[in-house]
Structures are given as C-alpha cells and as structure tokens.
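Trainee: Using the working numbering, read the sequence shown as starting at 2 and increasing by one per residue. Cβ atoms here follow ideal geometry from the backbone N, Cα and C, with glycine treated the same way. Model, not experiment: these values are computed from the prediction.
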Amino acid sequence: MNMMIQSGRKIWKPVAGAIVVVAISLALIPLTGRTQEPAAADNRANGNPNTETRKKEATSILEPTKSTPRKPAIHKPPIPEPLPIELRPYRVKVEVAFASHGALTPERRQLFVDRLARRIDAAYGVCWNVDVEECRWLFPAHRESLDRLSPEFLKAKYGEDNSDKVFLLATRLEGDRLVVAGREWDTRIHTLTHSAQLETREFPLAADIAALLIRELFRPVAEISEVEFEQIGMRLQAGAFLTPDSTATQVVPKDHFLPYVRYKDKEYQVQKVTSLPWTYIRSDEVDGFHIKGRMVSGMRLGLSGKKSKRIERLALAVNPAKRDTTLQLVLRKYPDRVLAAHMVRVVSKVTYKEEARGELLELYSDRNGKVSIPFREDDPLVWIYVRSGKQVLARVPYITGSGIDIELQLPDDSIRLAVEGQIILLRTDLIDTVARRASILHRIRKFSQAGDFKPVDQAKSEIKDLTLMSEFRRRLSNIRNEALARLRANPDRMAERRINKLCDETTGLFERYLDESTLEEAVEEAEELRKLDEQEKKDNERDNLDFAA
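1. Under the assumption that ALA395 contacts VAL383 (Cβ atoms under 8 Å), give the Cβ distance between them as a whole number of angstroms.
2. Decide if GLN238 is buried, meaning its Cβ has at least 16 other Cβ atoms within 10 Å, or exposed.
3. Kindly indicate the opening and closing residues of the alpha helix (DSSP H) around THR508.
4. With distances taken between CB atoms, is the gap from VAL262 to SER247 smaller than 9 Å?
5. Suppose the cutoff is 6 Å on Cβ atoms and the five residues either side in sequence are ignored; what does the same chain contact list for VAL345 look like?
6. In whole angstroms, what separates the C-alpha of ARG92 from that of LEU332?
7. Out of GLU224, ARG220 and ALA197, which one is the CA nearest neighbour of ALA211?
8. Please say whether ASP325 and PHE376 have beta carbons closer to each other than 9 Å?
9. Between LEU193, HIS143, GLY240 and PRO260, which has its C-alpha nearest VAL253's C-alpha?
10. Report yes or no: do the segment 430–446 and the segment 402–413 share at least 3 C-beta pairs separated by less than 8 Å?
11. Rounded to the nearest angstrom, what separates VAL1 and PHE204 at their Cα positions?
12. Tell whether a beta-carbon distance below 9 Å holds between LEU330 and SER366.
13. Which stretch, first to last residue, makes up the beta strand (DSSP E) that contains ASP562?
14. With distances taken between CB atoms, is the gap from ARG137 to ALA171 smaller than 9 Å?
15. With distances taken between CB atoms, is the gap from GLY294 to ILE233 smaller than 9 Å?
16. Less than 9 Å separating the beta-carbons of ARG202 and ALA223?
17. Tell whether a beta-carbon distance below 9 Å holds between PHE473 and THR434.
18. Per DSSP, GLN392 is paired with what?
19. Apart from the five residues just before and just after ARG358, which ones in its own chain have a Cβ nearer than 7 Å to its Cβ?
20. What span of residues does the beta strand (DSSP E) with ILE190 cover, start to end?
21. In terms of residue numbering, what span does the beta strand (DSSP E) encompassing MET300 cover?
22. Suppose you measure from the CA of ALA316 to the CA of GLU512; what does that come to, to the nearest Å?
23. Please specify which runs of the beta strand (DSSP E), each continuous and at least 3 residues long, are wholly inside the segment 118–163, giving them in chain order.
24. If we ignore side chains and look at the alpha-carbon of each, how far apart do ASP209 and GLN251 end up?
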C-alpha cells in the first residue's frame, strides 16, 4: 500500500508542475500585453506588424468564439410512390339533396341514403370506395339547380384530394312521381357532365333508380401510357378488379375518351389542366385494364410520347347526352361575331381519310351562325366540314350529343372571299377573251385557206381590241397586293397561303389560254397563204398572156 502511494506521488508531481506553469503563463499574458504596448507602437511605426499580429492572436485565444447557430435540418418525408392506376379504386362521394315535402321525412331520407349506398356497393364492390350522405347546401333540389352549377364553384368546394368523383343528386316529389336528377363532377379534370334524370312511382325503388342514374352519369378514367403516332395505349383505373355486377362494365370497344394533361409543380401540386380540343381516343380493344385505341383529331398537334413525373396524361370517357347539339360558328379573333350562311356538312366516319358511311347531311348556318346537329345512336362519332365558298375552313371530329351548345371558332375568311369574288370576275373576262380569240383564229385560218383575205384583214383588226396577257397580269397583281396589304393589319398565314394559291392558279390559266404566240403563228400563216395566193395569181396572169400571144 505504501508502495502504491509513493508511486502515485511520483506520477502526479510532474503533472502538478505542468499545471502550475500553464496557470502562471495564462496569468502573465495580460501583464505582458500591457508592458509591450510602447514596443508595439514602435513596431507599427517602423512597419513591423508582428507584435500586433501576436496580440490579436493571443486575444482571439482568450475570447470565446462566436459561431452562428445552425438551423436544424428539415427532413421531408419521401413522397410515396402511388399505386398503379389499375389498382386504385375510385374515391366516390355521393351527395343527395331532397326537396322540402311532407312525405320526405328524415327517416325516409336516411333510408334512401342507406339503400343507395348498398346498391352502389353491390354494383361496383372494391372498385369504388363510396361515401353517400345527404346534401344540405343544394337548394332548391331540382334539375335547374344542378344546371346552374359551375366548374369554378365545384373546384373551390371539393378541391383536388377529397375524392375522384362527386355525384350530386336532387330528389323531389312531383305528384305521385319521385324524380331523381343528377350530375357528375370529376375533381381531377374539373369537368361536369350534362344533367340527367329518372323517375319512378314507387318510393322503395327510388334508391335503385338513383343507382341506375349514377351508372349512366359515370365517366371512367384511364391513364395514357403509350403514344405512337395515332396508336394510343391506356390503363383503366380500377381495371384490375372485377365488379360484382357484370353489367357495370367500365369500357367496351367503340367507346370514346377525351385526352387531358395535368401539369404539376415541384411539390407535385396540380397547377394546370389542359385538354386537346376536337380530339378523341377511340377504344378498339379492351383486355382487362389494358385499352388499345387510336387518336381521332382535327388538330395538327397531338399527344407527346415523352413521360414525366410532373406531367400526368389522363383520358376521360365521353358520356353523350343523347340529344341534338347546337353548333355556333364564330370568328376566332372576334368571338362575338357570328358567321351566317356557311355550309356545314356532317359525315359519319372514324378518320377523315375514310369514305363516308351513310347519308351525307348538309346544313347552313342561320343569321346567328347556328346549326343543329342531330344525335346518332348507332355511332355518335361524325366529322364536321365547314365551307366558305369553295374553301374548307374547318374539318373536326365530334361526338354527337356530347354537348348541348358548342362553339366552333373559324378564321376570318372575308378577305379571301373578296379575292375569290374578284378572281371570278377576272376569270369571266378571261373566258370571254379566250372565246373571242378562238373565233378570230378560226376565221383567219378558214378564210385564209379559202383565199378570201378580206375577212382575214377584218379579223386581224379585231386582235387589237383583245385584252392582252399583260393587262390580265396587272389586274391580278393589284388584287393580290391589296389583299395582302389588308392581311398585314391582322396577320393570318392560312389566309395568305390561300390567296396566293388562288392567284397562282389564275396565273397558270393566263399562260395556258392567252399564249400570244398562237395568234402570231395564225397571222403569219395567213400572210404566207396571202403571198402564195398572190404569186399564184401572177403566174396565172403570165400564163394567160403567153397563151394569148
């Protein structure tokens, strides 16, 4: 034990000495700093900064360091990868509004809601996660109230994340009939269906009628997965599941979809939803959740084949209203100006290259620029051709009944029409000139070959009265230049191309029918025949004189 204590003392003696030395040196640092101030001043005056630098270093050693506090790192949880769309059930909300009536008691309303939820679940099963509740804000509960709903209002009310589909139903009693009207709102694509209604005289069947109405209003959604020119591949939402009701099939061949593109920001929040106007996807083959179709479009630009996590391409099934559509023709740059007396041809076919099937329908827009396009039950896809004079202004596909009132914006064709009218007058003068030329040529050749040159001289004098090709060219140039000058105020490349095409075709007619060399050749031929005739007469006179002598 004593030996351990002695060894410990031997160990701690040097350590204690070192601690005393460090303490003394730290205590003497401020004293040495004061005693060296004059020397430091002399060194600064002599341009020697070593002493001052040492002082700053010593001071920095003694002062505590001032470090800026670091902000705690925010770790955002990773965004989970969504399930494939074919494995995602529809999130469906059904809201039923009831009109005020003594027969529609709270108990009956709740019975209607519960029975409707069971009917929907029996039809769609796991394909739908449905929530049915009574609607308290839709008043009055009738079809007119549903028709007044706007996409802006529903977008603000239901947002993006509440559900995929919202069905709004309005139920009321009319005498002994129970009428159920409804509309469907798609929260991702921000579109409303047309309103529809069904009715029954038996209240226990009201929920069944409402479930049937929801099935008619439902528009399936698919994700566009493959794009190769006009061939489109799609994956149907909840298509991997089987519905308990075999009649509740989402998609069958010859169904049509409207393509939409959803653009998202860096936080994957939807910023914009755009559609492709006058464009449809026609389903040709349906195999489970895989759909093969082709694009039918009246636009030059189609869907891009590139994929991006921030760009979502969806397709919404078209649900025709099964009634006539009013189409209004307006100017593209001035939508308040309607286009009357334009021919509208409606033909039934899939692509514009195919031959038309069935009867051709020809209509003319009225003074309000409107025409009525009837609904076609067997195949609602048609092509609409709009003509102004001989020019086709628009060629677009349309699903009859998919809209009640639609608008087709057309380019301003007034300048081209004016040019076409002026060129028609110019071609009329051309026809008259060509006819007169042909008559003159015929007389020159006929009488010159017969040796009667008096009518030939008269015909030659008429040539001077004919309009020359140079005059026709000058008039055509004035027509072209005036039209192009008017187009500079409102540039329209399509109209400019059409005007130039009309003028170029007319120039070709000038070169074909007003060839001045033809007249010159006929006159030269007549002059040669005249000389031959005169020489023949001189020879005959000489022969006669010789014979007389």
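Mentor: Considering the structure as presented:
1. In fact, because the Cβ distance is near 13 Å, the residues do not count as touching under 8 Å.
2. buried
3. 494–514
4. no
5. LEU364, VAL372 and VAL387
6. 41 Å
7. ALA197
8. yes
9. GLY240
10. no
11. Beyond the ends of the chain as shown, which are 2 and 550, falls residue 1; an answer cannot be given.
12. yes
13. Residue numbering for the chain in the displayed model covers 2 to 550; residue 562 lies beyond these limits and cannot be assessed.
14. no
15. yes
16. no
17. yes
18. SER389
19. SER349 and LYS350
20. Here ILE190 belongs to no beta strand (DSSP E), and DSSP marks it neither H nor E.
21. First-last for MET300: undefined, no H or E at that position.
22. 54 Å
23. 129–135
24. 19 Å
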